[in-house]
Structures are given as C-alpha cells and as structure tokens.
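Using the working numbering, the letters of the sequence shown map in sequence onto residues 16 to 365.
The C-beta atom is built at its ideal place from N, Cα and C for all residues, glycine as well.
The structure displayed is predicted, hence computed values, not measured ones.
Notes follow the structure.
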Amino acid sequence: IFGEDLGKLAPVGDEIATILGSIRGSADVRVQQIEGLPQLQIRVDRDRIARYGINVADVNILIQTALAGTDVGRIYEGEKQFDLVVKFQKEYRSDVDALRNLLVPAPGGQRVRLGDVAVFDMIEGPAEITHSAGRRYLVVESNVRDRDIESFVNDVKASIAAKMKLPTGYTIAYGGEFENLERARDRLVIVVPVALFLIFILLFMSVNSIRQAFIIYSAIPLAIIGGVVALWIRDMPFSISAGVGFIALFGVAVLNGLVMLSYYNKLILRGSSVRDAVISGSETRLRPVLTTALVASLGFIPMAVSTSAGAEVQRPLATVVIGGLITSTMLTLVVLPVIFDWLERRQEAA
Numbered sequence: 016i017f018g019e020d021l022g023k024l025a026p027v028g029d030e031i032a033t034i035l036g037s038i039r040g041s042a043d044v045r046v047q048q049i050e051g052l053p054q055l056q057i058r059v060d061r062d063r064i065a066r067y068g069i070n071v072a073d074v075n076i077l078i079q080t081a082l083a084g085t086d087v088g089r090i091y092e093g094e095k096q097f098d099l100v101v102k103f104q105k106e107y108r109s110d111v112d113a114l115r116n117l118l119v120p121a122p123g124g125q126r127v128r129l130g131d132v133a134v135f136d137m138i139e140g141p142a143e144i145t146h147s148a149g150r151r152y153l154v155v156e157s158n159v160r161d162r163d164i165e166s167f168v169n170d171v172k173a174s175i176a177a178k179m180k181l182p183t184g185y186t187i188a189y190g191g192e193f194e195n196l197e198r199a200r201d202r203l204v205i206v207v208p209v210a211l212f213l214i215f216i217l218l219f220m221s222v223n224s225i226r227q228a229f230i231i232y233s234a235i236p237l238a239i240i241g242g243v244v245a246l247w248i249r250d251m252p253f254s255i256s257a258g259v260g261f262i263a264l265f266g267v268a269v270l271n272g273l274v275m276l277s278y279y280n281k282l283i284l285r286g287s288s289v290r291d292a293v294i295s296g297s298e299t300r301l302r303p304v305l306t307t308a309l310v311a312s313l314g315f316i317p318m319a320v321s322t323s324a325g326a327e328v329q330r331p332l333a334t335v336v337i338g339g340l341i342t343s344t345m346l347t348l349v350v351l352p353v354i355f356d357w358l359e360r361r362q363e364a365a
C-alpha cells in the first residue's frame, strides 16, 4: 500500500488485513509493523533558553554529543587513524534523568540543567519507514493455500473495491508470487508462438511439404485438449510450470506424427499405393509410437504424484505432459492416418 502519511498507512493496512482474512485460501496474514517503537522526544523551550541567552544550536549539540556522539579529534597509531568521539556510556544513554541533569553552558558563565530548558516526552514513533520509487509503503502479506494465486488476488481486488475506499493518493500494488506469475505469463505470450513457429519450420524441413507439415501439426491441438482436460480432472489451475509442460508436449506430440508420416512417404517412394502405405506403415510404426508415448508418460508419473518440496511446480508440468500424450497418441494412431490417406489420395486425383 503506497501513501505519504504513516499514520494513515497503518489503519489502512489493518483494514485490508481483515479483508484478506475473510477470503478463502488466505493464511498467515501479517501486517508490516511500522509503528509502536518507543522514542524519547526532547523539545527545546525557546522562551526559557532566551532568558539565559542560550542558542538552540548549543542545546542540540549537547544532546547530540550525549546520545549520538561528536567527533572531537583524531587518534594516530602508526599509519592508522581513528576518530575520537565523545558520548555517554551505553547505560546512561537510556537514562532520562541523566539526560535531564546535563548542564548547558550559558553566555554569562552559569550552567543550566537541560531539564529546565527542554521538555522530555516518551512517545511511540515509527518502527520502520520503507520507500519505493520515492513513496512510502506498507506491506500486507498472506500465504495462499488450496487455490491458485490469480483467482485469490482477483477476489482480494473485488473485496477491497467493495468494502473500503482508499484515501486520496493511496494506491495498492500486488507483488510476490503473483507478480512473478504476471511476468512469466507475459514471457509465455512470446515464447509459445515462437516455439510453435520453430516446430513448424523444422517439420517443413523434414517432410519438404507444407501440406504434410500441417498434417503432423494437427497433433498439437489434440495434445492441448488432453493437457487441459488432465488439469481439470486433477483440479489444477493453469500455471507457469503447466505452460512449460505444454511446450514440451508439443515437441513429443509432433515427433510421433513425424515418425508415422516419414515412413508413409518412404513406402510410397518404394512404389506402394497411398492406402497400402498407410495400412502397412501404421502397423509397422505402432510399437515405436506407443513406446515413445509410454516412456515419456511413465517417466513423468513420479512428478505427477509428488508431494515433496517443489511438488507444486512438478505436478502441473507432469500432468499436462501425461494427459496431452494420451490424446495426441490417439490422434497419431487413428486420426492422422485417415487425414493423410484422404489428402494424399485427393492430391493424386487432382
């Protein structure tokens, strides 16, 4: 929460923490402690020091010397130099009576007790003042349990908008894992199309045909469906690790299609008809395709059922890959041969 007045930030933070605590999934809500630090405030009575002809600067120097210390010279030990600082010993710096009994020199030669020309008050001051981009801010933290972060933050935004009104000039920013999610999602918007484009280029270079490249490329939509359904069955939200799983899935899905199609083309070049090449090639390549899918799927099972540290990253990735391979393998073995046979025979007839 960004704002200028610490006195307003604290109650706003407490109110938001109460709202956070009422939202499903919130846990360990905590507000940054920015108030409540005991402070000794010494206020110089200007009327009193004026009677003695004492300057405010003289009083301030005395207080600084007692509490913070004043540099009065240097000590030399060979080539080493050290500042010589005069100040109260530690036990006296917290002794208010000792501070009151300090003697302030007046121009007339007399010495006046500091307690006679200054008022000592114990107040609660700020415990911590944090800034970002030149603005003060207060942090309200919450862990999120048993739900995804994005929907949680959306509920927080809606609840805050409905239940409270921020003072003028105060704003809220959402950070932590939600900020990381937004950054990673922005990167995925670029990475996924680039990955799909590169996959298509590599397919075209392998089969030297845009038509056949699109036939193999058709495995990707069905793989996406399988990954999404698997996430839905396991009640998992889309996450960055799931997005990475989809990218890995695309590569495995088109690999099986390329294995099938390249063998079809090989049989056709040997003189087989399209129909015979599809039937014979599908029978011959059945085992390699199933083996490729099973190896990848079985390898991801431990990650899919993991409950150890890092499982929240492993499970979505493995779930997407396993679910997508099931549907993409079905396409490779059933739908892809039909599409290839239909398009190639139509091409021959043309």
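- Secondary structure note for Ser277: its alpha helix (DSSP H) is the uninterrupted segment Ile255 to Leu284.
- Distance from the CA of Arg202 to the CA of Phe103, rounded to the nearest whole angstrom, comes to 57 Å.
- Less than 8 Å divides the Cβ of Leu129 from the Cβ of Leu77.
- In this structure Ala133 is buried. Its beta-carbon is surrounded by 16 or more other beta-carbon atoms within 10 angstroms.
- Here DSSP, grouped into helix, strand and coil, assigns Thr85 to strand.
- For the 8 Å CB-CB criterion, Glu19 and Gly241 do not form a contact.
- If you draw a straight line from the Cα of Gly190 to the Cα of Arg249, it is about 27 Å long.
- Within the segment 147-186, the complete beta strand (DSSP E) runs of at least 3 residues fall at 150-152 and 155-159.
- Ala228 counts as buried, since no fewer than 16 other beta carbons sit within 10 angstroms of its beta carbon.
- Taking 8 Å as the cut-off, the beta carbon of Val304 is found no closer than this to the beta carbon of Thr334.
- Looking at the DSSP output, Lys95 bridges to Glu92.
- When Cβ pairs closer than 8 Å are counted between the two stretches, the segment 31-43 is seen to touch the segment 161-179, the count reaching three or more.
- Residue nearest to Gln125 within the set Arg151, Ile69 and Asp86 is Ile69 (criterion: CA-CA distance).
- For Leu301, the enclosing alpha helix (DSSP H) has its first and last residue at Val289 to Ala319.
- For a cut-off of 8 Å, the C-beta gap from Leu332 to Val244 is around 16 Å, too long to register as a contact.
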